[in-house]
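**Student:** Note that our numbering has the sequence shown beginning at -1, numbered continuously upward. The following block contains the structure, expressed as structure tokens.
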Amino acid sequence: MRDLQPNRISTSSIPAALEKARQYRLLKEPEQAESICLDILVADPAHHEAKILLILSLTDQFARSGQMLDPKRVLRLVDRLPDEYERLYYRGVVSERRARAMLLESMSRSFTWEYFREAMEWYTKAQACRPDGNDDATLRWNACLRTVQRERLEARADRDETHRDMES
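Below is the structure:
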């Protein structure tokens, strides 16, 4: 089995494959969407929509099966996006989805707050360079804030003390 390689898809099948990947995300089968995106990117390594869909499919997996997918893998993909706004925005998405996955686990709520805070910082940076008429980063920032408020998330009590110790 180690010698087997995935079959290549034709570039003419990419539009239909993208639609299948979208459908698998809607069906909450992100591993299937990921696989399709990887096939598309073999056929067309520069395919922008497949890169975005791959990032989203990977972040969909953060909360699945109780295991956290390595966010560094996703961030490497995000960092290769050509547009600054998208890099900032999708870094926010990665942090936000990590936070939302932590809400489902028995993780410390203060750590969850830290990821929401980080996401909101990325969204704020994205807002500063957003394309005209694109308020996606603002919508995500607002959603993070409402979740933090609803869940009554707060920073760790030792966070300020640790920060002060680092400054001295």
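By construction, the Cβ of each residue, glycine as well, lies at the ideal position given by its N, Cα and C atoms.
#1: Do residue 51 and residue 79 count as a contact pair if the criterion is CB distance below 9 Å?
#2: Need the endpoints of the alpha helix (DSSP H) that residue 96 sits in, please.
#3: My parser needs the alpha helix (DSSP H) runs of 4 or more residues fully inside the segment 22 to 70; what are they?
#4: Below 8 Å on the Cβ atoms is my guess for residue 113 versus residue 100; work out the distance and round it to an integer in Å.
#5: Under the three-state reduction of DSSP, which class applies to residue 152: helix, strand or coil?
#6: Would you mind stating whether residue 34 and residue 44 have Cβ atoms separated by less than 9 Å?
#7: Is the Cβ-Cβ distance between residue 152 and residue 120 less than 9 Å?
#8: First and last residue of the alpha helix (DSSP H) that includes residue 110?
**Tutor:** Let me spell this out:
#1: Not closer than 9 Å, so no.
#2: Here the alpha helix (DSSP H) through residue 96 covers 82 to 102.
#3: Fully enclosed alpha helix (DSSP H) runs of 4 or longer: 28 to 41, 46 to 58.
#4: Rounded, the Cβ-Cβ distance is 7 Å, consistent with contact.
#5: Correct three-state label for residue 152: coil.
#6: In this structure, residue 44 does not lie closer than 9 Å to residue 34 by Cβ.
#7: No. Outside cutoff.
#8: Judged by DSSP secondary structure, residue 110 falls within the alpha helix (DSSP H) whose first and last residues are 107 to 126.
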